[in-house]
Structure formats: structure tokens, C-alpha cells
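Colleague: In UniProt numbering, the protein residues as written are 1 to 641.
1. When you compare only the Cα positions, how much space is there between residue 418 and residue 438?
2. Can you tell me whether residue 245 is helix, strand or coil according to DSSP?
3. Taking residue 104 as the reference, give the member of 94, 45, 62, 80 with the closest Cα.
4. Is the separation between the beta-carbon of residue 196 and that of residue 214 shorter than 8 angstroms?
5. What runs of the alpha helix (DSSP H), each 4 residues or longer, lie entirely inside the UniProt domain "DUF7587" (233-382)?
6. Start and end of the alpha helix (DSSP H) containing residue 479?
7. Within 8 angstroms (strictly less), CB to CB, does residue 253 reach chain D?
8. Compare the Cα-Cα distances from residue 331 to each of 66, 94, 366 and report the closest residue.
9. How many angstroms separate the CA atom of residue 527 from the CA atom of residue 467?
10. Between which residues of its own chain and residue 40 is the CB-CB distance below 7 angstroms, once the five residues before and five after are set aside?
11. In the structure shown, what three-state DSSP assignment does residue 399 receive?
12. Count the other CB atoms within 10 Å of the CB of residue 261; is the residue buried (16 or more) or exposed (fewer)?
13. Span of the alpha helix (DSSP H) holding residue 45?
14. Does residue 407 pass the burial test, meaning 16 or more other C-beta atoms within 10 Å, or should it be called exposed?
15. Tell me, please, which residues DSSP counts as bridged to residue 205.
16. Along the chain, where does the alpha helix (DSSP H) that runs through residue 427 open and close?
17. Applying the criterion that 16 or more other CB atoms from any shown protein chain within 10 Å of the CB defines a buried residue, is residue 281 buried or exposed?
18. Verify whether the separation of the beta carbon atoms of residue 24 and residue 53 is less than 8 angstroms.
19. Give me the Cα-Cα distance between residue 447 and residue 351, rounded to the nearest whole angstrom.
20. Quick one: what's got a C-beta closer than 6 angstroms to residue 58's C-beta in the same chain, skipping five residues either side?
21. Would you give the residue range spanned by the alpha helix (DSSP H) that residue 228 belongs to?
22. Does DSSP put residue 54 in a helix, a strand or coil?
23. Assuming contact is defined by CB atoms lying nearer than 8 angstroms, are residue 363 and residue 283 in contact in what I supplied?
24. Using the rule of at least 16 other Cβ atoms within 10 Å of the residue's Cβ for burial, across every protein chain shown, is residue 29 buried or exposed?
25. Output the boundary residues of the alpha helix (DSSP H) element that contains residue 66.
26. Once the 5 residues before and after residue 640 are set aside, which same chain residues still bring their CB inside 8 angstroms of it?
27. In the DSSP assignment, the alpha helix (DSSP H) including residue 25 goes from what residue to what residue?
28. Among the candidates 372, 334, 368, 379, whose CA atom is the shortest distance from the CA of residue 359?
29. Are the segment 240-258 and the segment 291-305 touching by the rule of at least three beta carbon pairs closer than 8 angstroms?
30. For residue 397 versus residue 483, is the C-beta distance shorter than 8 angstroms?
31. Please identify the residue among 241, 381, 354, 20 whose C-alpha is closest to the C-alpha of residue 340.
32. Is the beta carbon of residue 307 closer than 8 angstroms to that of residue 238?
33. Ends of the alpha helix (DSSP H) at residue 457?
34. Can residue 425 and residue 479 be called in contact, C-beta distance under 8 angstroms?
35. So, using beta-carbon positions, are residue 464 and residue 431 closer together than 8 angstroms?
36. Measuring straight from C-alpha to C-alpha, what distance separates residue 70 and residue 94?
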């Protein structure tokens, strides 16, 4: 039989609890005990618990000190972060534990000689009627005569300690720190007559109706409010080395699940009793605890402001990651404002969280996988370097203005509009350069490009001139598409995406979430010539078709032969692609067969003109009237022939 292993005193493993961590913090911070007192008081408070852990002699001082210093380390555990959040709230339980520590110190006889010099001098100086002198040799306190009636600071337990020649003093009690949150707040509203207290000790005066609302059950957020449509499907996230959820192995994981090897349960339904309201509250309130959510935004300028402000504080390694929300499960992406509205009814927010509505914030449950990452991270330092090299980028984005603090709508947006940045070719080139860097490839979906353009045009307050003609929009679209593709042929989608993007930038952001917002966008877009961007595209197609028919028509007579007839047949078939060709066939001048389109025009697109309106583009002006009549004759004349 193997010999039992004997553990040295104080060397066993300690399983720390929340109360023990709070006690360690109190022993080091407000009480100012020396190390002997800290060790004795701690082992006396948790004597029974330490014996169950195989520590009959208690824990040594090095263990207690190491546990205390863990709270301030960079790699502090989640348990210590939760403990520090509880300590910051200063609950009544914390005050009771502090009283127990001081009573235990008095009971063990650790009085004024065992406290730090600073604390005991302050305590004795507060005792009126006591003449004391301080000795420089050992920091002793010498009194010439005894005090007849010592003052008791603690009525529950009084232990007198002899100091000097027969002097009697009350035990060294440091009065507990009065909690600023536990105090009764000032009543600022006459109608607020109910003092409401949350579980963390936060107190606030409420009206009877508001207090009754805090006691009601949770109201589920409707599905259409929790998951509004995301135009373009893009989300953005700023992160740096100090973030709780950095990009690791190409994906983001919520801090609560970062070190778990088993995938957690899916997010409960919105109307479920187990929906994590408390976890969402801790995330939005900014508590230093691990949560199940990851913060993102659908507004590039909001994320850009955060990155610029962090860079001004010295964090120049921050990155902006572009995310495709269509690759995420719809149920895991939550829009913050409706949830913030419900949480405000419980009066549980502290500090500035009351006023933060999260108008542009979306939270993602559990993780953002690698397949949803469009761009892993665009460094804000690279963007600032790009703006320094290209003045057009700086003029378009106005980074110095976005870096300023203050409310965006009331302070920054008027400054941005005063700059009067218009939709000019240099600005379009700078915008195309930035969009291409954020998407990394030209083959990105047109919806992603349109989303980025909308964010830049709206967020940087571009000036869109009223009365812009469709021809001008065609030129601007072609310029942006050419700059965006750079060496590749821009297709029609690239021409269309900027017009659709600028149309949605005419209204307020997130206007597509409500019917009123969509109507306002339509009215403002009509004033700048973008009521129907698709109509501009159709007009471009009609012009292209007319030019194609005119070109192939002239080639038929210039080249002649069977090849010309085939080109004419190709032009005729492309003229009416939506209509089906009939089985009847006609013969061209050189007797080559070609299919004749259906005589009845299609309802989907207008029929091309019968008269030769496009002959101005023809190169061969020497054609006879008979040639023109044969080329553009009506179907009725052809049947008569």
C-alpha cells in the first residue's frame, strides 16, 4: 500500500470563492492591516472551509498576497473581473464583510500596533481630548496621562489596548467607507416618490407608474424589430490588442466562449423565458464581465470615429474588420435599440448607458466564423497614411473632423456639411480607392459596394446637387466604375451600384427600416434625379442597342455576303431578347436565311423604332433609298412582297 503523502502547512490547493476574493481585497485596501493581521484574520474567517481543503493551519501570507495581486494583472481571471465589478457597486454585503473583518481583528487582539502607521495616526488624531506626541525612533505614540473616559467606536465589541504609561484607547476601528451608491440619492422630481433599488445596490427615485413597470414581466421584442433588413448585408467591427474579443484564427468569439471546447447552446427564442436579458444588459452597460455577445455596427463612419479616437490615444494598431451578415444565422444577429428600450424600463443601467441607444449597433451571439469575414482587418494607421499621400482621400473622408469628440448629429455633421464635398470625379476616385481596399477584390457583390458607398456619402455629408440630369448620373457612374475596376472591364452592375447607393444616402440612415423613412428617401431622391435608378440603366441599354443595330446594319452593306446577313440576324435577335422568334423565316438580299422577330412588341421592354433614327451613327452615307427601305421595312410590306 502506498504511503500517504503529507502536505506541508499552507501548501494545499485553495478553491477561491467570490466572498474570499472580496475579503482579500478588503484586507489589503481599506483596512491597512499588516501582513500578520491579514493572515490571521483571513484564516480565522474561513477556518472551517480551509480545513475541508486540507489546510488545518490555514493559508500562508504568500498565497493571500498572490491572490490579491491577481486582480490588477493584465491576465486577470474572469472571476476577479466579476469581483471587481461587485466591489465597484459597493453593496451592503461588502459593508457587512468589512465589519466582520474588523470585529475579527479586534477579537484576535490585533489592534492599533498592528495597523499601518498612516491609518493608526489618523484614527488617534480623531479622538478628541487626547494629548499625544509622536516619537521618531520607532513610530511609538507616547501619552503623558491616561484618558478617563475612552471613546468607543464600536459598540458591539470593545477591546482596550495599553499604549505607553497606562493609556487606554478604543480598538483600532477604521470606519467602513460610506457607499456613494448606497446613499439615498437626491430627489430631483417631485412626482418621483418611490425609492427603487436594484440587485446591485443602485438606487433611483421613480414615479409609482415607473416603479410598477420595473416589476412587470419582460416584453418580448418583435421579430421584425430584432432582425431588421440589412442593406448590403455588411457589418463592421473595431478591435485591437486590448479588446475582449480579438480576431483569433480568422474568427471572433464571444469572451464567455473563448476558452471553451464545446459549442454552447443556441440562443433562445425572443419570447422564451430563458432569453439572456441579464447577459445583454451586462454587455450594453459596459460591465467588466464576460458576455455571450460581440458588438458590431452597420455604419462605417461610426466605427471609423471609434478607431480614430482610439488612435489619438495611442492605439494605432486597431483594425476595422468587414463582415458579411448574410453568412451569419439570422437569429444570432440582434439590433440593439429595441432591446435597449426594454432594458431601460427596468431602470438597471448606470452612468451613460441610459443615454446610449445603439442606433447603429448590432450584437452577434456566440461567434463570427471565418467564412463571414470579408476583410480580416484594415489598420487605421494605413488609412491615415493613405489620406496623407492622397489629398482627395482626406478631403472626402475629413478624418480630422471625424476624430473630434461630441455628438455626431449636433456637432460634427454641420461641420461636415459646411465643407461642401460634392460628387466630383476626384472625390469619386478617392471613394473608389477606399472601397476597393475594404473589399480586397473587384468581384465583390455589388450590394457590398453600394453599402460602403452609402456609408461614405451619408456619413461624410456629401453635397448632392438638386436637378442632376440622368446623363450626368451616367457619367458619374461610369467614372466610379472605371476607377473601382482599374484595369478590368466594368460591367453594368458597377454602373448601377453607385446610383442606388447615393439614392439611399439622400435620407436618414437606417431609413429602410420604416415605411416613413422609405417615403422620405423617395422624395429627396426625386429632387436630385434618382427617383428610379433602374430607368437610367434602361435608357443606357436602349442607346447601346440602337448603336449596335446601326453598326451591324452598316457592316452588312459594307462587307456584304453571308457574313453580313448573319450579323444582321444577330442584331435583330438581340433587339428583342425577351420575345420568342417565330418559325417563319425570311430571306435576305443574298438569299441567306435569318429569323424574323415577332411582330408584336414585348410588354417588358419598348420596341425599337422602325424608322432609321440611328443612321447618324452610320459610316456608309452612300446607301440608296432602296437599301434603307429594305433594311427598315415594316412587317406589313414584307408580307406583301
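All C-beta atoms, glycine included, are put in the ideal place defined by N, C-alpha and C.
Modeller: Taking the coordinates as given:
1. The count along the chain shown starts at 1 and reaches residue 418 at position 418. The count along the chain shown starts at 1 and reaches residue 438 at position 438. Cα-Cα distance, rounded: 27 angstroms.
2. Against the chain shown, residue 245 aligns to sequence position 245. Correct three-state label for residue 245: coil.
3. In the chain shown, counting from the first residue as 1, residue 104 sits at position 104. The candidate whose alpha carbon is nearest that of residue 104 is 45.
4. Indexing the chain shown from 1 puts residue 196 at position 196. Indexing the chain shown from 1 puts residue 214 at position 214. Yes. Within cutoff.
5. 277-285, 300-312, 336-344
6. The residue given as residue 479 occupies position 479 in the chain shown. Looking at the DSSP string, the run of the alpha helix (DSSP H) that includes residue 479 is 470-485.
7. Among the protein chains of the structure shown there is no chain D, as only one such chain exists.
8. Counted from its first residue, the chain shown places residue 331 at position 331. Out of 66, 94, 366, 366 has the C-alpha closest to the C-alpha of residue 331.
9. Indexing the chain shown from 1 puts residue 527 at position 527. Indexing the chain shown from 1 puts residue 467 at position 467. Answer to the nearest angstrom: the Cα atoms are 6 angstroms apart.
10. Residue 40 sits at position 40 when you count from the first residue of the chain shown. Its chain contains 108, 110 as the residues whose beta carbon lies nearer than 7 angstroms to that of residue 40, once the 5 sequence neighbours on both sides are disregarded; these appear in chain order.
11. Within the chain shown, numbered from 1, the residue matching residue 399 stands at position 399. If DSSP states are grouped into helix, strand and coil, residue 399 belongs with the helices.
12. The residue labelled residue 261 in the question sits at position 261 within the chain shown. Label assigned to residue 261: exposed.
13. Numbered from 1 along the chain shown, position 45 holds the residue referred to as residue 45. Here the alpha helix (DSSP H) through residue 45 covers 35-45.
14. Indexing the chain shown from 1 puts residue 407 at position 407. Result: exposed.
15. The residue labelled residue 205 in the question sits at position 205 within the chain shown. According to DSSP, residue 205 bridges with 195.
16. The sequence position of residue 427 within the chain shown is 427, counting from 1. Counting along the chain, the alpha helix (DSSP H) containing residue 427 begins and ends at 425-439.
17. For the purposes of this step, residue 281 is taken as residue 281 along the chain shown, with counting starting at 1. Residue 281 is buried by the Cβ-count criterion.
18. By one-based count along the chain shown, residue 24 stands at place 24. By one-based count along the chain shown, residue 53 stands at place 53. No, these two residues do not count as a Cβ contact at 8 angstroms.
19. In the chain shown, the residue the question calls residue 447 occupies position 447. In the chain shown, the residue the question calls residue 351 occupies position 351. Going from the Cα of residue 447 to the Cα of residue 351 covers about 39 angstroms.
20. What you label residue 58 is simply residue 58 of the chain shown in a count that begins at 1. Excluding positions up to five away in sequence, the list reads 43, 50.
21. Along the chain shown, one-based indexing puts residue 228 at 228. That residue, residue 228, is in no alpha helix (DSSP H); it is neither H nor E in DSSP.
22. Residue mapping note: residue 54 aligns to position 54 of the chain shown, counting from 1. Taken through DSSP and simplified to helix, strand or coil, residue 54 comes out as coil.
23. Taking the first residue of the chain shown as position 1, residue 363 is located at position 363. Taking the first residue of the chain shown as position 1, residue 283 is located at position 283. Yes, the pair counts as a contact, with Cβ atoms nearer than the cut-off.
24. Translated into the one-based positions of the chain shown, residue 29 becomes position 29. Exposed: under 16 other Cβ atoms inside 10 Å.
25. For the purposes of this step, residue 66 is taken as the residue at position 66 of the chain shown. Run containing residue 66: 61-69, per the alpha helix (DSSP H) assignment.
26. On the chain shown, residue 640 is found 640 positions in, with the first residue counted as 1. Only weak support exists for where residue 640 lies, its pLDDT of 47 falling under 50; the value from the coordinates is given anyway. Taken in chain order, the list of residues that qualify is empty.
27. The residue given as residue 25 occupies position 25 in the chain shown. 18-28 is the span of the alpha helix (DSSP H), which, as asked, contains residue 25.
28. Indexing the chain shown from 1 puts residue 359 at position 359. Out of 372, 334, 368, 379, 334 has the C-alpha closest to the C-alpha of residue 359.
29. yes
30. Translated into positions along the chain shown, residue 397 becomes position 397. Translated into positions along the chain shown, residue 483 becomes position 483. No, these two residues do not count as a Cβ contact at 8 angstroms.
31. Within the chain shown, numbered from 1, the residue matching residue 340 stands at position 340. For residue 340, the closest alpha carbon among the candidates 241, 381, 354, 20 is that of 354.
32. Indexing the chain shown from 1 puts residue 238 at position 238. Indexing the chain shown from 1 puts residue 307 at position 307. Residue 238 places its beta carbon less than 8 angstroms from that of residue 307.
33. Position 457 of the chain shown, counted from the first residue, corresponds to residue 457. That run of the alpha helix (DSSP H) goes 446-459.
34. As a working note, residue 425 is residue 425 in the chain shown. As a working note, residue 479 is residue 479 in the chain shown. Cβ atoms of residue 425 and residue 479: closer than 8 angstroms.
35. Mapped onto the chain shown, residue 464 falls at position 464. Mapped onto the chain shown, residue 431 falls at position 431. No, the pair does not count as a contact, with Cβ atoms beyond the cut-off.
36. On the chain shown, position 70 is the one that residue 70 refers to. On the chain shown, position 94 is the one that residue 94 refers to. In a straight line, the C-alpha of residue 70 is about 19 angstroms away from that of residue 94.
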